[in-house]
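These notes concern the structure reproduced below.
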Amino acid sequence: MNVLGRTNRVWPDEWWRLSGISNREEIALRLRADPRPVLAAGSPSLWANALRGSGCGWLVVSSAGAESARTEDEAANRMMGEICAAVSSSPDAEVTVWFLTVARAWEEFQINGALSGLESARQEGLIRHVGLHVAGPAVGVAGLWRFHDAFELVLCGPGPDFDQVVRTARERRVGVVQDGGEPRGSGPLLREVHGG
0 MNVLGRTNRV WPDEWWRLSG ISNREEIALR LRADPRPVLA AGSPSLWANA LRGSGCGWLV
60 VSSAGAESAR TEDEAANRMM GEICAAVSSS PDAEVTVWFL TVARAWEEFQ INGALSGLES
120 ARQEGLIRHV GLHVAGPAVG VAGLWRFHDA FELVLCGPGP DFDQVVRTAR ERRVGVVQDG
180 GEPRGSGPLL REVHGG
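Counting from 0, one number per residue, gives the positions in the sequence shown under numbering that gives the first Met the number 0.
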């Protein structure tokens, strides 16, 4: 466990992406004994009920459709709408980390709207930390990250751009969470855990 980026919090070395639900109770018992941040894929409401009061952090990875918004207000509204839905289906009525998914370059008004929605949600206590999910080539995400220093964490798979993302994260004092693969020692690993 180490302090991660600008969150100034100590986090476990392994985070879980939960999929499937057939042995949900067994996994929930393991998480209650050893809490860690979780991303519930597919059935977040069912996992939220099983994990209520467990002390596990709740992760969301989404763009909320802000990248296709036609105005800054529309991007902000889309973001706030999805944040409210995610909070209502979380174990403890908050999102620990919202990773903004970016796969390609966005228009400036889309970025501003999404970040405005995230910042409003953080100020209202709906989310604790804002992260960036690099879902495409790092070059497509670079402009957003270069001109908007709003992220405390970055989530990235161990592909060809991973080292470049890690370098940029270190320059900005942003924590790195590796999305799958063999651990590369840059920060916590988000590992797939199948619930059957």
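Even glycine gets a Cβ: it sits at the ideal position worked out from N, Cα and C. Being a predicted model, the structure only gives us computed values, none of them experimental.
CA nearest to the CA of residue i, picked from the options
i, options, result
"R169", "V153, G180, G179, E66", "V153"
"N76", "V86, W144, F146, G64", "G64"
"R69", "R172, V96, W105", "W105"
"A137", "G112, S115, V101, Q109", "V101"
"W97", "D160, V37, R29, Q163", "V37"
"V59", "D33, S67, S87, A49", "S87"
"E198", "E118, W15, R16, E66", "For residue 198 there is no data in the structure shown, the boundaries of the chain being 0 and 195."
"H147", "G174, E107, E181", "E107"
"R183", "V140, D12, R23", "D12"
"N48", "V9, D72, W14, D91", "D91"
"G179", "L3, V164, R172, P157", "P157"
"E25", "A40, L50, T95", "L50"
"H128", "G174, S185, R29", "G174"
"A39", "V133, W15, R8, W10", "W15"
"E73", "S89, N7, G112", "G112"
"G19", "L45, V9, N7, L28", "L45"
"T95", "A27, L188, V164, R121", "R121"
"R103", "E66, P159, N7", "E66"
Closer than 6 Å: residue i CB and nearest the ligand MG heavy atom
i, result
"F146", "By its list of ligands, the structure shown contains no ligand whatsoever, and the ligand MG lies outside what it can speak to."
Backbone secondary structure at residue i - three-state DSSP
i, result
"T70", "coil"
"L125", "coil"
"F98", "strand"
"R145", "helix"
"R212", "Residue 212 is absent from the structure shown; the chain starts at 0 and stops at 195."
"A92", "coil"
"G230", "Not covered by the structure: residue 230. The range shown for the chain is 0 to 195."
Residue i, buried or exposed, once every other Cβ within 10 Å from all chains shown has been counted against 16
i, result
"C83", "exposed"
"H196", "Shown here, the chain extends from 0 to 195; a query on residue 196 therefore has no answer."
"A32", "exposed"
"R35", "buried"
"V2", "exposed"
"E196", "Shown here, the chain extends from 0 to 195; a query on residue 196 therefore has no answer."
"Q177", "buried"
Residues that residue i bridges to, as DSSP identifies them
i, result
"D178", "L189"
"W105", "Looking at the DSSP assignment, W105 forms no beta bridge with any residue, so it has no partner."
"E13", "L188"
"S18", "H193"
"L131", "L99, V153"
"V2", "V9"
(request) At 3 residues or longer, and completely inside the segment 32-88: list those beta strand (DSSP E) runs for me, N to C. (result) Listed in chain order, they are 37-39, 58-61.
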